[in-house]
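Undergrad: This structure is in structure tokens; I'll ask about it shortly.
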Amino acid sequence: MDIEKKENNLEEKLELTQKERDEYLDGWKRAKAELINAKKDWEEQGKEVADYTKMSFIRQMLPLVDALEAAKEAEGWQGVKKLIEDIFKKNGVVEIEAQNKEFDPTYHEAMLEGEGESGHVIEVLQKGYIVNGLVIRPAKVKIGK
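When you read off a place in the sequence shown, starting at 1, and then add 851, the result is the number in this note's numbering.
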């Protein structure tokens, strides 16, 4: 009887130990998954901060680009413009295509209307730009009516 009692006691202890092990293992797995998810979130947030920092810099550069566009006749303009275009390209900046395109308020800001194909851009008044898929400045345009 004593042996039977001891065996039952050992079996109960074994079951209890196995349950505790399973609980600890489940907790560890959850903690590991939460850590992996937190790491992904931190990386994504870091990328977003970098993108917004880049956008801020590029917004500051846009008036210079506009001034160069207005001074096309000046000597050396092409070289300076090429340098800026290279900087933009390295930073993922893309000019918004607008001329003769269908008006899209996501990418275009209608400033004027004129004679031309209805709902289409007939003139670009100021270039617009996108960085990493985000519009940093819409193209200011004249649309046909």
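Don't be surprised by glycine CBs; every beta carbon is placed ideally from N, CA and C. Remember, it's a predicted structure, so these values are computed and weren't measured experimentally.
Excluding the 5 residues preceding and the 5 following Glu974 in the sequence, name in chain order all residues of the same chain whose CB lies nearer than 6 Å to its CB.
TA: If we look at Glu974 and ignore the five residues flanking it on each side, its Cβ neighbours are Lys993.
Undergrad: So what does DSSP say about Tyr958, is it helix, strand or coil?
TA: Correct three-state label for Tyr958: coil.
Undergrad: Looking at Glu960: is its Cβ nearer than 8 Å to the Cβ of Lys996?
TA: No. Outside cutoff.
Undergrad: What are the boundary residues of the alpha helix (DSSP H) that Glu948 is part of?
TA: Here Glu948 belongs to no alpha helix (DSSP H), and DSSP marks it neither H nor E.
Undergrad: For Phe954, which residues in the same chain have their Cβ closer than 8 Å to its Cβ, ignoring the five residues on either side in sequence?
TA: Ala961, Gly970, His971, Val972, Val992 and Ile994.
Undergrad: Quick test of the definition: if touching needs 3 or more C-beta pairs under 8 Å, does the stretch 872 to 880 touch the stretch 935 to 942?
TA: Output reads no: the stretch 935 to 942 does not touch the stretch 872 to 880.
Undergrad: Compute every distance between the C-beta of Lys933 and the non-hydrogen atoms of the ligand COA, then say whether any falls below 7 Å.
TA: In the structure shown, the ligand COA is absent, as is every other ligand, since no ligand is present at all.
Undergrad: Taking DSSP as the reference, what is the three-state secondary structure of Lys993?
TA: Three-state DSSP puts Lys993 in a strand.
Undergrad: Which residues in the same chain have their Cβ closer than 7 Å to the Cβ of Asn951, if we skip the five residues on either side of it in sequence?
TA: Contacts found: His971 and Val972.
Undergrad: Among Val986, Trp893 and Arg910, which one has its Cα closest to the Cα of Pro956?
TA: Looking at the Cα atoms, Val986 is the closest of the given residues.
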